[in-house]
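Beneath this line is the structure, given in structure tokens, with notes to follow.
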Amino acid sequence: MKKVQLSILSIVATSFFSSCYYDNFKELHPDAALNSGACDTTSVMSYSMHIAPVLANSCTGSCHNGTGSGHDMTNWAAVNFDAVDPGGSKLVGSVVWDGVAQQMPQGATTKISDCDITKIKKWVAAGAPNN
Amino acid sequence: MPQIIKIMKKTIIAFSFFVCICYSTFAQSSDDLLNMVAEKPKKEFVTATFKTTRLINFHTVEVLSRRSLDFRISHRFGDFNSGAYNAWGVDGGANIRLALEYCHGSRLMFGVGRTSGKKIVDGFLKYRLLKQTTKGGGMPVSITLFTSVYHTFMQNVLIDGINKYQSIPDRLSYCNQIMIGRKFNSRFSFQLTGAMVHVNMVDKIFDKNDCFVIGGVTRFKFAKRQAITVEYGYRLNKYSKDKYYDSFGIGYDLETGGHVFQVHLTNSFGLTEDQYFMYTNTSWDNWGIRLGFNISRVFSLQGKNKTE
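Residue numbers (my numbering), protein chains in the order written: chain U, -4 to 126; chain D, 143 to 450.
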């Protein structure tokens, strides 16, 4: 009987641990937050996945696209130039309406969403990387 | 001449002293041996450290007796703080687990259960490694090992439009426990539980897959068939940025000939280890507790004349 019990234990233990995973949904699907209105800023902010879509929605449509009136913000180097400034990020200042930088989006009566502001702030705080 | 007499005297005294010591030592050791033979304790195992295999939610060191089948119904109502309109939780949001558990020998038991919340099917093995013995038996505690697996059958769990469970391993969680319990006297029992819970798939980027818990479980029997029970599980590591709480419950056990009826208050809604250890999201502070009960009915499958 003891042998049977030990065999059962070892079979079960083997099958248990052979299917033990360390999966994280957000690591497997880093772009998941973009597919819905849910705001998730817990992950590391990525330029291509989080920041560029925000800029595409609010900035580069008619103005900041290289041909419009505003400074070009269609590529990382240009955005990084505005984002990283020892005197204070111009990009962050313009979207939080700090009174120093020009308020953006120009002519808007409200700021962009808090979720988008948080994403930009977090990305800038991380050094505005090209990730 | 007087010197010789002196030496002889000293020798005699020394010899008699030596003989006395030897005798007394021998007498003592033979007494000890006699005592050992006479009072050799009978090795008896302590029984009924706890009344059943579970206290409130937590497993106890107990396993079922030989060839017993246990049919268990566990039920948790909704939160007290849902208010009078919801009859303080009785109206809705119930979580129910039905389980069948069996022990063939006297140490290894297994069980399967189905929980309505999160549609979890679970299976477990529980092995009683050491049994506490009565005084002189040499084993002051009982030790039981526990391992389990949980499979959720939830469908269409979408996170940001993406199906959370894309393969079977994503749906699995595990729990391993070691339980060390002692029955101090006929009224009071205490158990320490060390648990590790592993969830294969977590939601958020800062979530961890493992949670370590140390728990305390106790029972105070105040009448022949009635007892007060308390359990508490302290989570040792930070595994999520979401707010979760330690599981804490107070209960009342009533034994009624063949059935054990347990009624309790607990802040855990989950009925499986992966849920109540890791994802208890209501607190005693704001009456995020609920009424719950367990009913256990044990059937003995052992023939009356069969002995082994």
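Glycine is no exception: its CB is placed at the ideal position from the N, C-alpha and C atoms. All values derive from a computational prediction rather than experimental measurement.
| Item | Value |
| --- | --- |
| I need the DSSP call for D/V297, collapsed to helix, strand or coil. | Note that residue 297 of chain D is Gln in the sequence shown here, rather than Val. Reduced to three states, the DSSP call for D/Q297 is coil. |
| By the criterion of Cβ-Cβ separation under 7 Å, what are the contact partners of U/N19 in chain D? | V344, I347, D349 |
| My output table needs one value for U/C15: the three-state DSSP class, helix, strand or coil. | coil |
| At a Cβ threshold of 7 Å, is U/S31 touching chain D? | Because U/S31 sits at a pLDDT of 46, beneath the cut-off of 50, its placement in the model cannot be relied upon, and the point is left open. |
| Kindly say whether D/I301, judged by its beta-carbon, lies nearer than 7 Å to any beta-carbon of chain U. | yes |
| With DSSP collapsed to three states, give me the class of D/M321. | strand |
| Going by C-alpha to C-alpha distance, which of D/D388, D/Q319, D/L443, D/H406 sits closest to D/S425? | D/D388 |
| Using 7 Å as the threshold, is the C-beta distance between D/V359 and D/R270 below it? | no |
| Relative to the C-alpha of D/T335, which residue among D/V355, D/I347, D/F326 is closest? | D/V355 |
| So with CB distances below 7 Å, who are the chain U contacts of D/H340? | C15 |
| Against chain D, with Cβ distances strictly below 7 Å, would U/S38 count as a contact? | yes |
| Three or more C-beta pairs under 8 Å: does that hold for the stretch 406 to 413 of chain D against the stretch 257 to 277 of chain D? | yes |
| Which of helix, strand or coil does DSSP assign to D/Q417? | helix |
| By the three-class DSSP mapping on this structure, what secondary structure does U/M44 have? | helix |
| Of all the options D/M251, D/A236, D/N237, which has the alpha carbon lying nearest to the alpha carbon of D/E243? | D/M251 |
| List, in chain order, every chain D residue whose beta-carbon is nearer than 8 Å to that of U/H59. | By Cβ distance, chain D contributes nothing, its closest Cβ being about 27 Å from U/H59, past 8 Å. |
| Taking Cβ positions only, does D/I285 come closer than 7 Å to chain U? | no |
| Between the beta-carbon of D/N436 and the beta-carbon of D/S216, is there less than 7 Å? | yes |
| Looking at D/Y421 and the ligand PLP, is the gap between the Cβ and the nearest heavy atom below 6 Å? | Absence of the ligand PLP from the depicted structure is noted, as is the absence of any ligand whatsoever, leaving it without description. |
| Considering D/E186, what are the terminal residues of the beta strand (DSSP E) in which it resides? | Here D/E186 belongs to no beta strand (DSSP E), and DSSP marks it neither H nor E. |
| Taking C-beta to C-beta, are D/L396 and D/F403 nearer than 7 Å? | yes |
| Along chain U, which residues have their Cβ under 8 Å away from the Cβ of D/K383? | T37 |
| Enumerated in chain order, which unbroken segments of the alpha helix (DSSP H) with a length of 4 residues or greater are wholly contained in the stretch 34 to 93 of chain U? | 47 to 53, 71 to 78, 85 to 91 |
| If we define contact as Cβ-Cβ less than 7 Å, is U/H24 a contact residue for chain D? | yes |
| In three-state terms, what does DSSP make of U/F20? | helix |
| At a Cβ threshold of 7 Å, is D/I128 touching chain U? | No statement about residue 128 of chain D is possible, as the shown extent of chain D runs from 143 to 450 and does not include it. |
| Below 8 Å on the Cβ atoms is my contact criterion, and I expect U/T69 with D/F348 to pass it. Report the Cβ-Cβ distance as a whole number of Å. | Not a contact, Cβ separation roughly 32 Å. |
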